[in-house]
Amino acid sequence: MSSLQTPLHKVQGLGASHSGTGHFWRQRITAVALVPLGLWFGFAMLGLAGTNEVAVLSFLARPWNALLMAAFAVILLYHMVLGLQDIVDDYVHTAGMKVFLRLAILAGAIATGATSLFALIRIAAST
Amino acid sequence: MADQPQKPGRERPLSPHLTIYRWQVTMLASITHRVTGMALAVGALVLAWWLVSVSNGPEGYDSFMAVAITPIGLLILFGFAWSLSFHLLNGIRHLAWDLGYGFNKTTATQTGSLVYILSLAAALDIFAFVWTGHAGYLQ
């Protein structure tokens, strides 16, 4: 069957969006990672609820806990960027607003991630 | 491209929208998944705020807890607990669909109801644990 697609377009496999299934795939990968990390986060929050500042500090200062919390925060924010982008794509119909929101979401995620990681390093260094 | 699109002679039919469809568990779960996702985006900000507060020492920790234990603070934390439970469980449901499982109409409806029940139970259990003093085991 003949196709209107050029051979180059066909081998690139990126379709009309020019990004292929990249967004979809990264959303699934981060989702899979967030299942065990989310369960660990729930376990940690429940374990720290009703304790005091010393318990929270010493928990977060332990290397494995700090690493898991950092991974949870970063992957959560990555997943958040992908999800919020879906929402913007669905409901925002003007190109300028789309670009603005996309950049705002990305900037917000990077700022939140950097702040979280800096706080974790500070906690690890303080104890 | 014409600046003035041609005026239609009569109202064109539109595809059905939210106000026209009969409400079903599956559509409600889909909408809830998106809403809880947005709530958890706010939750990511609160998580960063909590980490910064803890890193600021005792005063910082106290300042966060002072807000967290107010009635509104607890309500928001309950909202996050339920949102995370729902989004995680329904996310597993979505991943199962991606693998081709559970697409059957009755199965999709049943798992949708199950996600609501389990997520609500999880959030209530979390708060019941804290209330009855069974939490805080990481001291």
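Read top to bottom, the protein sequences are chains P and H.
Sequential numbering of the first sequence, starting at 10, is according to our numbering.
Sequential numbering of the second sequence, starting at 8, is according to our numbering.
Every residue, glycine too, gets a C-beta built ideally from N, C-alpha and C.
Along the chain, where does the alpha helix (DSSP H) that runs through residue i open and close?
i      : result
P:G51  : G31 to L57
H:Y123 : K112 to W138
P:S11  : Here P:S11 belongs to no alpha helix (DSSP H), and DSSP marks it neither H nor E.
P:L126 : A104 to S135
H:G86  : P78 to D105
H:G67  : P65 to A75
H:R41  : V32 to S62
P:H196 : There is no way to answer for residue 196 of chain P, as the model of chain P reaches only from 10 to 136.
Return the chain-ordered list of same chain residues with a C-beta closer than 8 Å to the C-beta of residue i, the five sequence neighbours on each side being excluded.
i     : result
P:V97 : K107, L110, R111 and I114
P:L66 : I132, S135 and T136
For residue i, is the classification buried or exposed, using 16 other Cβ atoms within 10 angstroms of its Cβ as the cut-off for buried?
i     : result
P:H88 : buried
H:W89 : buried
P:V63 : exposed
H:Y68 : buried
P:T39 : buried
H:T77 : exposed
Residues in its own chain within less than 7 Å of residue i by CB, not counting five upstream and five downstream?
i     : result
H:V74 : G80
P:L76 : none
H:S70 : S60
Check whether the Cβ atoms of residue i and residue j lie closer than 8 Å to each other.
i      : j      : result
H:A142 : P:G59  : yes
P:R35  : P:L91  : yes
H:A130 : H:S92  : yes
H:H24  : H:N97  : no
H:L125 : P:L57  : no
P:I84  : P:A116 : no
P:R71  : H:L102 : no
Suppose the cutoff is 6 Å on Cβ atoms and the five residues either side in sequence are ignored; what does the same chain contact list for residue i look like?
i     : result
H:S62 : none
H:A9  : Confidence at H:A9 is low in this model, with a pLDDT of 49, below 50, so its placement is unreliable and no value can be given for it.
H:F87 : G50
**Report entry** Cβ contact check for the segment 37 to 56 of chain H and the segment 121 to 133 of chain P: 3 or more pairs under 8 Å
**Finding:** The segment 37 to 56 of chain H, when compared against the segment 121 to 133 of chain P, does touch it at the 8 Å Cβ threshold.
Requested in this report: Mind the definition here: the segment 110 to 123 of chain H touches the segment 26 to 36 of chain H only if three or more C-beta pairs lie below 8 Å; say whether that holds.
Outcome: Segments in contact, yes.
Query raised in the report: Do the segment 71 to 86 of chain P and the segment 16 to 30 of chain H make contact, defined as three or more Cβ pairs closer than 8 Å?
Result: Cβ pair count under 8 Å is below three, so no.
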